[in-house]
Amino acid sequence: MTDNIFPVPAAAAAATRTTMAQYRERYAQSLADPDGFWREQVGRLDWLRAPTRMGDWSWDPVRIRWFEDGVLNASANCLDRQHPAAIAIIWEADDPAAASRRISYGELLADTCRMANALVALGVDKGDRVTIYMPMIPEAVVAMLACARIGAVHSVVFGGFSAEAIAGRLQDADSHFIITADEGRRAGKTVPLKATVDEALEKHEGVRVEAVLVVRHTGGKVAMHPERDHWWHELKPQLPETCTPQAMSAEDPLFILYTSGSTGKPKGVLHTTGGYLLWANLTFETVFDYRPGELFWCTADVGWVTGHSYIVYGPLSAGATVLMFEGVPSWPTTARFWQVIEKHKVEIFYTAPTALRAVMRDGDGPPGEHDLSSLRLLGTVGEPINPEAWNWYHRVIGKGALPIVDTWWQTETGGTLISPLPGATPMKPGSATLPFYGIEPALVDAEGIVLDRAEGEETSGNLVVLRSWPGQARTVFGDHERFTQTYFTTYRGKYFTGDGARQDKDGYWWITGRVDDVINVSGHRMGTAEVESALVAHKDVAEAAVVAFPHDIKGQGIYAYVTLNAGIETSDALLTELRATVRHEIGGIAVPDHLHVTPGLPKTRSGKIMRRILRKIAENDFAAMGDISTLADPSVVEALIEGRLNR
Ligand code: ATP
Ligand code: MG
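225 is the number of the first residue of the sequence shown in our numbering; add one for each residue after it.
Here it is, written out as structure tokens:
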């Protein structure tokens, strides 16, 4: 696997603004002289007062500051300084027959100012938390930027979450204002947003909300609570289309965002204004090598950090044109992505392995029916990408000629930390490759000792970062102790990512999965991602999830859940083949003790497999599943338990 190197495609190499030698030199400079490096970068943003101080941080005790004496406004950087006639957002509706929308930077600025004025009129002050519960429509971006304009702190809650999840986040963020819409549309169905907000407010006593601003989207009928609820389309015409941006200190909060909840109760991660925005801007322009006029499509929802950084703050601060998509990859058919790329001539496409695996199930046919020749660059984020999915993406979508940037990062990191640069870095399927400027990753053992890697050797361990970067989260909202405990206490003075990783003989980084998910079979440590990739390599397997269970002899055994491709039935012969595949790809030690074929896997709303649930089921412990509020389809759990009991 390690030696499977794909050189930088010729066209990307010829056009690149950063060569491998330049990357290496700049990377070395960013570590050797961080102040000098960041001083050169601050000019990417428009400051009301330029910062003179760069990084000022400690991780023991935890206190992180970047550009602290700088003053700026994030919405002004995303709107006022862009060309008003340039297109900011091309919106594609859930329904392929519905008209798309094109919104210029000038229009986005005017709407943002109007909504900012509406928020002020409703009583929102600088520093107040505003909860945004919206479908994927341009007004979601307007809402975020309107908050930023007046210095309010947005907390976007994914538009598919339940009333309980909204209530919990409202309470945790001590938020008294909500921006929502009547309804959303996803996969041909309507999603009752306003009604879900009402339910959250009625059922949960601890929640106090002063005002709800409601965007009319579908026109569906909703109940409006007098005094509390306000229609956006009624307020909008009366409001001025200018609004002076609040002067914000670089360290004033910009937003709170809850993590996906893959490993436990979601954390309300807090990002501040200057460092976050600079990191989003720099990583966007560098990792996607964005050229003015290109159309960039990030398929994430704005409810996740990927949407925050690579639909809103990164691209808009760079004056880019983004495609915003209301729908899902598999509706009306699994060709939807390819149809949209063809329709709008997307140049840069950034999606998640889970989405790719979902559409790969139907084979090479659907993408083959669409003209994908506008594409110049592909990206992936969210999980380790199985080499099988990478190869399909590369061969079928990229026609073997496009770079793929596999970007490793987290809600807490604000933007990408490890990724290839498309015109510089030779790729290896499944590896996020090399660290971004200013990022110093390291591997530690269980005691926190940094593992040195001898030239030409491999090392694996727990992934930490040794120094702060501007996009780093500053705290967990209202719980700095949890922030310290979660990230800086396991290995004192180091940022612990929670992920395991391997650095190969070329220095490339491979994320092997969550540290909690490492399996120890008879003393052999294996990442779940590697066993899963071996299973997915079989032609009939769509997805795999692997967990450990207690085993009398081996210490831990391997329990593998698999879903099969469209039209494939399970059989003993198939299970035998799957075992053989793992033996061939990794070795006998990795062959699963149990293979459980299931119609579905438990996933978070952001598409990540919740392995902690699978662990419980493998252990025959069906009682305490923990926080499952971020699960996309809770009924999957029932089916899994039933499958387990019938074994
Ligand atoms: P929680 O922190 O609540 O458990 P989460 O970690 O799933 O949820 P996110 O911040 O959305 O929440 O996800 C970050 C994690 O996603 C990373 O720690 C890593 O495990 C995984 N990840 C993201 N991108 C990649 C990638 N390119 N390769 C491998 N893993 C990735
Ligand atoms: Mg996490």
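We put the CB at the ideal spot given by N, CA and C, even for glycine.
In this text, all values refer to a predicted model and were calculated from it rather than measured experimentally.
For a quick check, are the C-beta atoms of residue i and residue j less than 8 Å apart?
{"i": "Ala784", "j": "Ala768", "result": "yes"}
{"i": "Gly781", "j": "Asp817", "result": "yes"}
{"i": "Phe385", "j": "Arg829", "result": "yes"}
{"i": "Cys522", "j": "Tyr574", "result": "yes"}
{"i": "Trp271", "j": "Val286", "result": "no"}
{"i": "Ser554", "j": "Val583", "result": "yes"}
{"i": "Asn341", "j": "Ala471", "result": "no"}
{"i": "Ala405", "j": "Val438", "result": "yes"}
{"i": "Leu838", "j": "Val771", "result": "yes"}
{"i": "Pro694", "j": "Gly499", "result": "yes"}
{"i": "Ser324", "j": "Glu331", "result": "no"}
{"i": "Ala312", "j": "Ile327", "result": "yes"}
{"i": "Val668", "j": "Tyr711", "result": "no"}
Quick check on residue i: buried or exposed, where buried means 16 or more other Cβ atoms within 10 Å of its Cβ?
{"i": "Thr822", "result": "buried"}
{"i": "Asn744", "result": "exposed"}
{"i": "Gly811", "result": "exposed"}
{"i": "Asp318", "result": "buried"}
{"i": "Gln709", "result": "exposed"}
{"i": "Lys883", "result": "The displayed coordinates of the chain run from 225 to 871. Any statement about residue 883 would go beyond what the structure contains."}
{"i": "Gly347", "result": "exposed"}
{"i": "Asn301", "result": "buried"}
{"i": "Asp257", "result": "exposed"}
{"i": "Asn870", "result": "exposed"}
{"i": "Thr276", "result": "exposed"}
{"i": "Leu602", "result": "buried"}
{"i": "Gly375", "result": "buried"}
{"i": "Ala842", "result": "buried"}
{"i": "Ile777", "result": "exposed"}
{"i": "Pro539", "result": "buried"}
{"i": "Thr800", "result": "exposed"}
{"i": "Lys350", "result": "exposed"}
{"i": "Arg289", "result": "buried"}
{"i": "His441", "result": "buried"}
{"i": "Arg273", "result": "exposed"}
{"i": "Ala613", "result": "buried"}
{"i": "His820", "result": "buried"}
Under DSSP, the beta strand (DSSP E) around residue i begins and ends at which residues?
{"i": "Ala447", "result": "Looking at the DSSP string, Ala447 is not in any beta strand (DSSP E), and its letter there is neither H nor E."}
{"i": "Arg353", "result": "Arg353 to Tyr357"}
{"i": "His495", "result": "Gly492 to Thr496"}
{"i": "Leu547", "result": "Thr545 to Phe549"}
{"i": "Ser282", "result": "Gly279 to Trp283"}
{"i": "Ala582", "result": "From DSSP, Ala582 is part of no beta strand (DSSP E) but of the alpha helix (DSSP H) over Pro577 to Met584."}
{"i": "Val377", "result": "Val377 to Val380"}
{"i": "Leu667", "result": "Pro665 to Val668"}
The ligand COA heavy atoms versus the CB of residue i: any closer than 7 Å?
{"i": "Trp562", "result": "Among the ligands modelled here, namely the ligand ATP and the ligand MG, the ligand COA does not occur."}
Starting from residue i, trace the alpha helix (DSSP H) both ways and give me its first and last residue.
{"i": "Trp614", "result": "Pro611 to Trp616"}
{"i": "His568", "result": "Arg560 to His568"}
{"i": "Gly589", "result": "Gly589 to Gly592"}
{"i": "Ile707", "result": "Looking at the sequence itself, residue 707 is Phe, so the reference to Ile does not match. From DSSP, the alpha helix (DSSP H) with Phe707 extends over His704 to Phe712."}
{"i": "Asp630", "result": "Segment Ile628 to Asp630 is the beta strand (DSSP E) holding Asp630; no alpha helix (DSSP H) there."}
{"i": "Trp456", "result": "Trp456 to Leu459"}
{"i": "Leu255", "result": "Met244 to Ala256"}
{"i": "Leu869", "result": "Ser859 to Leu869"}
{"i": "Thr604", "result": "Thr604 -> not in any alpha helix (DSSP H); beta strand (DSSP E) instead, spanning Leu601 to Thr604."}
{"i": "Lys840", "result": "Arg835 to Ala842"}
{"i": "Cys371", "result": "Pro362 to Ile374"}
{"i": "Glu809", "result": "Asp796 to Glu809"}
Name, in chain order, the residues that DSSP records as bridge partners for residue i.
{"i": "Tyr785", "result": "Ala769 and His820"}
{"i": "Glu407", "result": "Pro416"}
{"i": "Ala725", "result": "Gly685 and Ile735"}
{"i": "Tyr482", "result": "Gly492"}
{"i": "Ser327", "result": "A small correction: the amino acid at residue 327 is Ile; Ser does not occupy that position in the sequence shown. Partner(s): Ile313."}
{"i": "Pro659", "result": "Ile642"}
{"i": "Asn744", "result": "Arg749"}
{"i": "Met651", "result": "Phe230"}
{"i": "Ser386", "result": "Ser386 pairs with nothing; no bridge assigned."}
{"i": "Tyr719", "result": "Val689"}
{"i": "Phe401", "result": "Val354 and Ala435"}
{"i": "Arg287", "result": "Ser282"}
{"i": "Asp335", "result": "Partner(s): none; Asp335 has no beta bridge."}
{"i": "Pro774", "result": "Gln780"}
Shorter than 8 Å from the beta carbon of residue i to some beta carbon of chain C?
{"i": "Ala542", "result": "The structure shown contains no chain C, having only a single protein chain."}
Quiz prompt | Uninterrupted alpha helix (DSSP H) stretches inside the stretch 500-538 (no shorter than 4 residues) | solution = none
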